[in-house]
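Plus 161 on top of the position in the sequence shown (first one is 1) and you've got this note's numbering. Taking it in order: structure first as structure tokens, then the write-up.
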Amino acid sequence: MKTGELLLSALHGVTANKLRSVLTLLGVMIGVAAVILLLAVGNGSAQVVSSSIDSLGTNTLTVRPESAGAGGGRAATASATRPITTTVATRLQDAGLGHVARVVPEATTTQTVATTSASETDISVIGTTPAYFSVSAAKVAAGAAFATSATAQQGAVVGPTLAQELFGRTSAAVGQQLTVAGVPFTVTGVLAEQTATGFVDPNSEVVLPVSAVQRSFTGYGSLSGLLVSARSAADVTAAESEVQIELDQLVGATTASSPFTVTSPSALLQTRAASATSFTVLLAAVAAISLLVGGIGVTNVMLVTVTERTREIGIRKAVGATRRSIAAQFLVEAAALTLTGGVLGVLVAVVGAQFPIDGTRPVLVLASIPLALGVSVAIGVFFGVYPASRAASMRPIQALRSV
162 MKTGELLLSA LHGVTANKLR SVLTLLGVMI GVAAVILLLA VGNGSAQVVS
212 SSIDSLGTNT LTVRPESAGA GGGRAATASA TRPITTTVAT RLQDAGLGHV
262 ARVVPEATTT QTVATTSASE TDISVIGTTP AYFSVSAAKV AAGAAFATSA
312 TAQQGAVVGP TLAQELFGRT SAAVGQQLTV AGVPFTVTGV LAEQTATGFV
362 DPNSEVVLPV SAVQRSFTGY GSLSGLLVSA RSAADVTAAE SEVQIELDQL
412 VGATTASSPF TVTSPSALLQ TRAASATSFT VLLAAVAAIS LLVGGIGVTN
462 VMLVTVTERT REIGIRKAVG ATRRSIAAQF LVEAAALTLT GGVLGVLVAV
512 VGAQFPIDGT RPVLVLASIP LALGVSVAIG VFFGVYPASR AASMRPIQAL
562 RSV
């Protein structure tokens, strides 16, 4: 049988029972769409992490207590045996470390923020110094950062999402009054929009002077941590070593028993990206199981088809059709079914990728599309081999007698 005749015969076989064919290819379609979409979500997450790493810069380090508390109010202070205090931050800055440019304190907590118009929401509060805006990814887009002299005036810099929620629009936030857990502050600036990394939404934060946060919310005990800026990206490794050694000397600890952890945010995000990639691959593997289920469905349907077309097989063999041509006909039909399901699955995935999934916009991996189509055809051929071999092994006389 020629190629054209094979394709026409396969098309006729697929369309002979439309409902059965649709139900058969549905499993393949769902499997292909799920695999492509999950890979797209993983790719989108990786790009978000990559952009977050770029925004953080490659010369920033974080210092955290080995054991830290969580929560809001005064309970937010760290519970480390060797806490990081403002005194530690000052001494680290004044140590004259050759590869360190700035040391910035951070005191974080969760509090209720309200405005004079009674708008109220729970948000993350960061207590720090003005240098925070040059060291971290947080940049002021409107207004200005609070100055050191503004500490007594209770200046605040808010994220764009929070400004929108509290004041209706970001441009109206500067100069407005808000209260954090009942303590009044004046908005001096609005942060530029940042990409959320999955930890905390930076667009819904409020940044306050560290002295105000300690005085009103967390107390004067431990800070949440420090941000340390190396002089350049090339100095990060040396700066990390200098900071670790200096901190250990300040508290009389050894590196092996250090109560502090010095890390690079980019390293943390890269670790998270690797974990997300592994999880995505796992989910894609689970989704691929539906392709196997669809393949089993192809086997069942093709076996039924062979039984229904026993007379046709007998007649074709009686007039000289070879075992190879009979087997090829049913293999092409099975492959046509799964290829159609694969094409529909790709279309579903392309449409689905236009919508954010759990806050992440999927980014299609182009290589996954031809791969998915190839796997679809391979599944059709693999699961169509047994029905095709049964059809090809029928003897003409037995086939005609069974009708």
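Every residue gets a Cβ at the ideal spot worked out from N, C-alpha and C, and that includes glycine.
DSSP places Asp255 outside both helix and strand once states are collapsed to three, so it counts as coil. Our two residues, Thr270 and Ser385, have alpha carbons roughly 9 Å apart in a direct line. The alpha-carbon separation between Glu403 and Gln254 amounts to approximately 12 Å. Around the CB of Ser206, 16 or more other CB atoms lie within 10 Å, so the residue is classed as buried.
Using a Cβ distance threshold of 8 Å, Val301 and Val367 do not count as a contacting pair.
For Arg477, the uninterrupted alpha helix (DSSP H) run begins and ends at Thr471 to Ala479, by DSSP. Within its own chain, the residues whose Cβ lies closer than 7 Å to the Cβ of Val296, once the five positions on either side in sequence are excluded, are Thr221, Arg263, Val265, Leu388 and Ser390, listed in chain order.
At a Cβ-Cβ threshold of 8 Å, Gly503 and Leu532 do not count as neighbours.
Taking every protein chain shown into account, the CB of His260 has 16 or more other CB atoms within 10 angstroms, so this residue is buried. Between Leu198 and Gly458, the C-beta spacing is not below 8 Å. In this structure the region 181-197 touches the region 447-456; the number of beta carbon pairs closer than 8 Å is three or more. Non-local beta-carbon contacts of Thr289 in its own chain, meaning distances under 7 Å to residues more than five positions away in sequence, involve Val265, Pro266, Glu267, Val368 and Val371 in chain order.
Assignment of Phe378 by DSSP, reduced to helix, strand and coil, places it in the helix class. For Ala268, there is no enclosing alpha helix (DSSP H); the residue is found in the beta strand (DSSP E) stretching over Val261 to Thr276.
Within the same chain, and ignoring the five residues on either side of Val507 in sequence, the residues whose Cβ sits closer than 8 Å to its Cβ are Val193, Ala194, Ile197, Ile530, Ala533 and Leu534. For the pair Thr276 and Ala305, the Cα-to-Cα distance works out to about 20 Å. Phe307 is a Cβ neighbour of Ala317, given a cutoff of 8 Å. Nearest in C-alpha terms to His173, of all of Ala497, Pro363 and Arg556, is Ala497.
Annotated as distal: Val397 and Ser436, with beta-carbon spacing of 8 Å or more. DSSP lists Leu339 as the beta-bridge partner residues of Phe346.
Counting of Cβ neighbours within 10 angstroms places Glu281 among the exposed residues, the total staying below 16. Remark: C-beta atoms of Ile487 and Arg472 do not approach each other more closely than 8 Å.
Bounds of the beta strand (DSSP E) holding Val319 are Gly316 to Val319.
Nearest neighbour of Glu401 by Cα position, chosen from Val423, Ser393 and Leu408, turns out to be Val423. Counted as a single uninterrupted DSSP element, the alpha helix (DSSP H) harbouring Ser537 occupies residues Ser529 to Ala553. Taking C-beta atoms as the reference points, Phe491 and Gly545 count as a pair closer than 8 Å.
Around the Cβ of Val224, a 10 Å sphere holds 16 or more other Cβ atoms; the residue is buried.
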